[in-house]
Amino acid sequence: MATQIKNSIKSASRVIGNTWPLYSFVTSNPLSGYEEMPFTEAVVHAKKDLGVKVFPDASIFSQAFSKDEMDKDILGRLLKENGFNETPEHYLKRIELLSEKEKTKEYSVLDVIMAKWLSSFMDEGLAEWQMPYKEKGFYTAWRQLAKYDNDLNIKNIAEIPKTSLKALESVLDDVSEDYYESIFRYHLSALPGWTGYINHRNTYDSPWQKSYPIDLQDYLAVRLWIAEHLNLDIYPKSTSPDNDTAELIKLQQLFLCAWEKRFQNRVVGLLQNQAKVEVINAVPDAQLVFCIDTRSELIRRHIEEKGNYETFGYAGFFGIAMDYKNPHDGIQRKSCPPILNSSYIVEDKPQNGKLDKFEANLKRAEHLKFTKYFRKRMKNMLPSTFGYVEGSGVFYGLSMVARTFFSNKIYDVKKRNQQDHEDLSETHMSSCEENSNGISIEEKVAIVKSGFDLMGWKNFAPLVVFTGHGGHSANNPFNSSLDCGACAASPGRHNARMLAKIANEELVRQHLLKDHGITIPNDTIFIGAEHNTTTDEIVIFDSQVPKSHQEALQKLKASLNSAQRSATEERLGVKNGVNLAKKKTSDWSETRPEWGLAKNAAFIIGSRDLTKTKNLDGRSFLHSYDWGKDETGNALEAIMQGPMVVTQWINNHYYFSTVDNDTFGSGSKITHNVTGNFGVVQGNGGDLKMGLPLQSLKSTDSEMYHQPLRLSVFIHAPLDRVQNIISKNANIKNLLDNEWIYLFVIDPTKENEISQYTEGFKWINDTQKTSTELKEEPREVFEDSMA
95 MATQIKNSIK
105 SASRVIGNTW
115 PLYSFVTSNP
125 LSGYEEMPFT
135 EAVVHAKKDL
145 GVKVFPDASI
155 FSQAFSKDEM
165 DKDILGRLLK
175 ENGFNETPEH
185 YLKRIELLSE
195 KEKTKEYSVL
205 DVIMAKWLSS
215 FMDEGLAEWQ
225 MPYKEKGFYT
235 AWRQLAKYDN
245 DLNIKNIAEI
255 PKTSLKALES
265 VLDDVSEDYY
275 ESIFRYHLSA
285 LPGWTGYINH
295 RNTYDSPWQK
305 SYPIDLQDYL
315 AVRLWIAEHL
325 NLDIYPKSTS
335 PDNDTAELIK
345 LQQLFLCAWE
355 KRFQNRVVGL
365 LQNQAKVEVI
375 NAVPDAQLVF
385 CIDTRSELIR
395 RHIEEKGNYE
405 TFGYAGFFGI
415 AMDYKNPHDG
425 IQRKSCPPIL
435 NSSYIVEDKP
445 QNGKLDKFEA
455 NLKRAEHLKF
465 TKYFRKRMKN
475 MLPSTFGYVE
485 GSGVFYGLSM
495 VARTFFSNKI
505 YDVKKRNQQD
515 HEDLSETHMS
525 SCEENSNGIS
535 IEEKVAIVKS
545 GFDLMGWKNF
555 APLVVFTGHG
565 GHSANNPFNS
575 SLDCGACAAS
585 PGRHNARMLA
595 KIANEELVRQ
605 HLLKDHGITI
615 PNDTIFIGAE
625 HNTTTDEIVI
635 FDSQVPKSHQ
645 EALQKLKASL
655 NSAQRSATEE
665 RLGVKNGVNL
675 AKKKTSDWSE
685 TRPEWGLAKN
695 AAFIIGSRDL
705 TKTKNLDGRS
715 FLHSYDWGKD
725 ETGNALEAIM
735 QGPMVVTQWI
745 NNHYYFSTVD
755 NDTFGSGSKI
765 THNVTGNFGV
775 VQGNGGDLKM
785 GLPLQSLKST
795 DSEMYHQPLR
805 LSVFIHAPLD
815 RVQNIISKNA
825 NIKNLLDNEW
835 IYLFVIDPTK
845 ENEISQYTEG
855 FKWINDTQKT
865 STELKEEPRE
875 VFEDSMA
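Be aware that the sequence shown starts at 95, since it is given in my numbering, and climbs by one per residue.
Below you can see the structure in the form of structure tokens.
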């Protein structure tokens, strides 16, 4: 019985994803456990398991029509091919009518009780008084304290089994093993935010998990024992197949496919025209490498317009699988993709001759940290709460006035403090392995060469700037979601500075030339920088740039300032957009400091020649790639295995946060309450919110901003090379066959002919055809999932 329980929990846990904490808010597919199924089948199962919306509603489709984002001819053809013979307008009203019949998810008494216990146990330092017995684990701590919960009416803990396994065995004693998985799935999906965070703590080796363990078995044991104790039903509610629901899913699927096809056709048209342009490659005045992030597309285009500059796209951790140790608080945080294990630790140490100033800077930070801690203690401790609030009212009032009316000045001060730290320090890298003798030259060379290979680097400018990125905002629990996803929701500047330092090492350059034939000119200097995606300012960390490059550096800075002005004006739609952008960073009342990755819909892998001068509207991830320099296909395979998969996570996170913001998102910021230092809930309880707030996805409560489309990937490479990579990677083939991703190949060996992948290695050359071979499956899938 014990083995069957454990196996059933493992199988049932596919219904939940990972809920990431606020301090490292990484976007991920909340339905990752369903990715082995075709997309339509997966969302049907999720609809049943989680009780959620899985397709855009009628109002979103209607807005797409009004903004000319959907082609009625394509939609009309799709509808008729699937037996719907009325007009698109008729079926839009039908979707609206059928959607009204969908039930809104409600929290049960059991959900409320569990959320209360989970928020107390999983607190990560926000509460002044911690729950007792936490070090013994969730089940044992709950058992010790359960008799004090008036909702449970437990008189003696002796009536509660001593272990979580025994508790589950007692509850399931008269239940057939055939029902275990469905019961567990039902209860895990009741609070997917909380169970997702339990999953996250166990998956990513959280230090809180080491000290205060909790797992899904503990959660289910407590929940099911309480359910039985209170005479609540432990079985899933039976649901019969519904013709209306099956029809709604089918219609929504067709509308979504038509919308996606319109977007794909526009990108195909742009790439077909641009691919024919011959570009003369000359040595530019400077080269800048940005993250593949969609927000980089805008600033790259504006920089290229300002002078003889070349830009590249590369995953924003810059190929260094590292943790960054913050000198201000000693906390070590991941700064590379979550799917990678960190190999290195990077920290800042004082530059030669700047030790005193470096330490003084740290001391100021320590004083500030203590002041914040003191204020928190005074506000939260019962004896001082009322007196402190009364006495400090004037101070906080003035602070609010300053942050409201002088937010630009506050931004400038914060920027100077950050710049001072970077100017006084330099990055140092060590190995995560115990008893390591440091980083070998071979490792350093491999890091630099990998970046050059993936980007297809041809020549080197005198200035090469590796530009990480980070967002800046005030009073925003989700501020880490605006940082670099490739750096596990940390700013990318530390990775950028580290790569620049390695690439500047003379011994590294010698080995690149000797072992790999890569010649870096003596006058090429690599520099780290940071792109502030909220203001479009690029700060260059240039304290160690030699005098010989100062003139070129000052010219580049002037161009970057000009690019910032024109980029913010385009992005915000106002004159002098820089001032408005700065205000958004420090204004405590700002609900939309920036849009993050909203509107993402495409990933373009190829030379910048494909997209240069084209306005992609900040909707495309851009990864540099030169098919001619990648004869083995290894570089492209690495891009498809890593960045392509990660961008699919991002895309699905935004998709599902948009179509059901209550479950997959986090609702309105206005009613957010931070819980446990790691998450938010709406109001005073309920489920832990797992996704993006409403304000990160919509212009207003009802007006769409993000367009929920699946990711379309465009690769500039020989088709047989791409097909070979797909055949070797079952995970990539699975995502493509099941239509979690669409793939288009621009074949340079066939006059840039564009072909679209369909299931089973079939390729469509006619770009006007539908982007999916729709199958008559939603009705059958729905009935099967409800059985």
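Idealized CB from N, CA, C, for every residue including glycine.
request  = Can you grab the Cα-Cα spacing for the pair alanine 454 / proline 571, in whole Å?
outcome  = 30 Å
Serine 865 classed as buried or exposed, judged by whether at least 16 other C-beta atoms fall within 10 angstroms = No answer about serine 865 holds up, because its pLDDT of 43 lies below 50 and its placement is not dependable.
inquiry  = Can you find the residues in the same chain that come closer than 6 Å, C-beta to C-beta, to serine 437, ignoring five residues on each side of it along the sequence?
reply    = Result list for serine 437: Ala415, Cys526, in chain order.
task = Just grab the DSSP bridge partners of isoleucine 621 for me.
result = Answer by DSSP bridge pairing, in chain order: Val559.
query = The alpha helix (DSSP H) with asparagine 614 in it runs from where to where?
reply = The amino acid occupying residue 614 in the given sequence is isoleucine; asparagine does not appear at that position. Per DSSP, isoleucine 614 belongs to no alpha helix (DSSP H) and is neither H nor E.
ask   = Per the contact definition of three or more C-beta pairs closer than 8 Å, is the stretch 665-677 in contact with the stretch 770-779?
value = no
request  = Taking all protein chains shown into account, decide if isoleucine 744 is buried (16 or more other Cβ within 10 angstroms of its Cβ) or exposed.
outcome  = buried
query = In three-state terms, what does DSSP make of valine 775?
reply = It is a strand residue.
task = Count the other C-beta atoms from every protein chain shown that fall within 10 angstroms of the C-beta of glutamine 98, then say buried if there are 16 or more, exposed otherwise.
result = exposed
message = arginine 356 and isoleucine 154 - do their beta-carbons sit closer together than 9 Å?
response = no
query = Between the C-alpha atoms of tyrosine 185 and phenylalanine 554, what's the straight-line distance to the nearest angstrom?
reply = 56 Å
ask   = When you compare each of Asn247, Phe178, Leu392 to glutamine 347 by their alpha carbons, which one comes out closest?
value = Phe178
request  = Going by DSSP, name the residue or residues bridged to valine 138.
outcome  = Answer is none; valine 138 lacks a bridge partner.
inquiry  = Quick check on DSSP: helix, strand or coil for methionine 523?
reply    = strand
message = Quick check on serine 534: buried or exposed, where buried means 16 or more other Cβ atoms within 10 Å of its Cβ?
response = exposed
request  = Could I get the ranges of all uninterrupted alpha helix (DSSP H) runs contained in the stretch 210-250, with 4 residues as the minimum, in chain order?
outcome  = 232-239
query = Within the chosen definition, does the stretch 399-418 reach the stretch 722-729 through at least 3 CB pairs nearer than 8 Å?
reply = no
ask   = Using the C-alpha atoms, what's the distance from glutamate 731 back to valine 839?
value = In a straight line, the C-alpha of valine 839 is about 14 Å away from that of glutamate 731.
task = Indicate the three-state DSSP secondary structure (helix, strand or coil) for arginine 713 in the structure shown.
result = coil
task = Tell me isoleucine 848's beta-bridge partners as DSSP assigns them.
result = Ile840
query = Of all the alpha helix (DSSP H) runs that stay within the bounds of the stretch 376-430, which reach a length of 4 or more residues?
reply = 388-399
key: Neighbourhood of tyrosine 274 by C-beta distance below 7 Å, restricted to the same chain and skipping five residues each side   = Gln98, Ile99, Ser102, Leu266
key: Spatial neighbours of asparagine 112 in its chain, beta-carbon cut-off 7 Å, leaving aside the 5 residues before and after   = Excluding residues within five positions, the ones whose Cβ falls inside 7 Å are Ser122, Gly290, Asn293, His294, Thr297.
inquiry  = Counting C-beta neighbours from all protein chains within 10 Å, is the total for glutamine 311 16 or more, i.e. buried, or is it exposed?
reply    = buried
request  = Flag this pair as yes or no: are the beta carbons of leucine 249 and lysine 241 separated by less than 9 Å?
outcome  = Reading off the sequence, residue 249 comes out as lysine, not leucine. Yes, Cβ-Cβ distance for lysine 249 and lysine 241 is below 9 Å.
request  = Measure the alpha-carbon distance for serine 126 versus isoleucine 110 and round it to whole angstroms.
outcome  = 8 Å
ask   = In whole angstroms, what is the alpha-carbon distance linking isoleucine 632 and lysine 641?
value = 21 Å
ask   = Which residues does DSSP pair with glycine 111 in a beta bridge?
value = Glycine 111 is not bridged to any residue.
query = In angstroms, rounded to a whole number, what distance separates the CA positions of glutamate 175 and glutamate 271?
reply = 44 Å
inquiry  = Check whether the stretch 201-217 and the stretch 319-339 touch, using three or more Cβ-Cβ pairs below 8 Å as the test.
reply    = yes
C-alpha gap between serine 574 and histidine 588, whole angstroms = 15 Å
request  = Report the residue from Thr685, Arg686, Leu382, Pro330 whose alpha carbon sits nearest the alpha carbon of arginine 702.
outcome  = For arginine 702, the nearest C-alpha among the options comes from Leu382.
query = If we ignore side chains and look at the alpha-carbon of each, how far apart do valine 740 and glycine 407 end up?
reply = 15 Å
message = Tell me which residue opens and which closes the beta strand (DSSP E) that glutamate 635 is part of.
response = This sequence places phenylalanine at residue 635; glutamate is not what is there. Element bounds for phenylalanine 635: 631-635.
request  = Say whether the stretch 585-605 touches the stretch 700-714, bearing in mind that this needs 3 or more beta-carbon pairs closer than 8 Å, one atom from each stretch.
outcome  = no
inquiry  = Can you tell me whether leucine 262 is buried or exposed? The criterion is at least 16 other CB atoms within 10 Å of its CB, across all chains shown.
reply    = With 16 or more Cβ atoms within 10 Å of its Cβ, leucine 262 is classed as buried.
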